[in-house]
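See below for the structure under consideration.
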Amino acid sequence: MLFYCQMRWNHEGRISLDELWEIEEEETRHAEETLNSGYCIGLWKVAGQKRVIAVVDAESAEELDRSVFRLPMREYLEFEVIWPLRDYLGFAEDVQNRYRPTDAETPAATPSGDPVGIPTGNRPVNLLGNNGFGVNGSGR
């Protein structure tokens with residue numbers, strides 16, 4: 001799954017310029033390895049800003065989360081935006097199909113005829129759990 005990641009360097013007053021250059025040099029080696037491996041699809045430094053943008057091919061959000069905590073600059077990066085990306089041609093196909101589910105995507109039904117996991121009809125559904133509180137939180 002592709003993820004767009006936007007990071008900002010947040011190092012002011014935390015480390016010296018010499019320390020920053022040392023860590024950044026380690027980060028550039030790490031970036032080159034991830035680009036060569038295909039894990040990082042693209043990496044860009046935003047001109048005139050302390051920002052870096054990456055497109056990463058991670059199997060899951062969990063894998064992405066683990067990988068950002070292994071970055072050499074992890075203590076000095078503020079992740080401003082992380083968005084999952086969708087292939088545009090898949091979107092175009094959904095538009096052409098008007099987002100109607102395919103047979104493979106149609107949810108299975110329970111014996112009552114409800115889609116699995118989706119209660120319908122006039123049966124009461126407790127969305128609050130068994131905490132004893134009503135809709136307004138007062139217990140009434």
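Counting from 1, one number per residue, gives the positions in the sequence shown under full-length UniProt numbering.
Note that CB positions come from ideal geometry on N, CA and C, so glycine has one too.
Values in this document were obtained by computation on a predicted structure and should not be read as measured data.
Would you say the beta carbon of residue i comes nearer than 7 Å to a heavy atom of the ligand SAM?
i	result
L71	By its list of ligands, the structure shown contains no ligand whatsoever, and the ligand SAM lies outside what it can speak to.
Going by the CB atoms, is the gap between residue j and residue i shorter than 8 Å?
i	j	result
L20	H11	yes
Y39	V56	yes
Q6	E62	no
R8	K45	no
Taking the alpha-carbon positions, what's the residue i to residue j distance?
i	j	result
S60	G48	32 Å
P72	E93	40 Å
E78	R86	24 Å
A31	I82	18 Å
E25	R14	17 Å
S37	R29	12 Å
Using the beta-carbon count (16 or more within 10 Å), is residue i buried or exposed?
i	result
V68	buried
Y99	exposed
Y88	exposed
Excluding the 5 residues preceding and the 5 following residue i in the sequence, name in chain order all residues of the same chain whose CB lies nearer than 6 Å to its CB.
i	result
N97	none
I41	V55, D57
E27	P72, M73
Which stretch, first to last residue, makes up the alpha helix (DSSP H) that contains residue i?
i	result
F91	88 to 96
R66	61 to 68
R29	17 to 37
Near residue i, what residues of its chain come up, given a Cβ to Cβ distance below 7 Å and the 5 sequence neighbours on each side ignored?
i	result
L35	L43
A58	M1, F3, L64, S67
R74	V68
In its own chain, which residues sit with a C-beta less than 8 Å from the C-beta of residue i, not counting the 5 before and 5 after it?
i	result
V95	none
I23	I15, P72, M73, Y76
How is the beta strand (DSSP E) around residue i delimited, first residue to last?
i	result
I41	40 to 45
A54	51 to 57
L77	77 to 85
Closest Cβ-Cβ distance between residue i and chain B: below 8 Å?
i	result
W83	The structure shown contains no chain B; it is built from a single protein chain.
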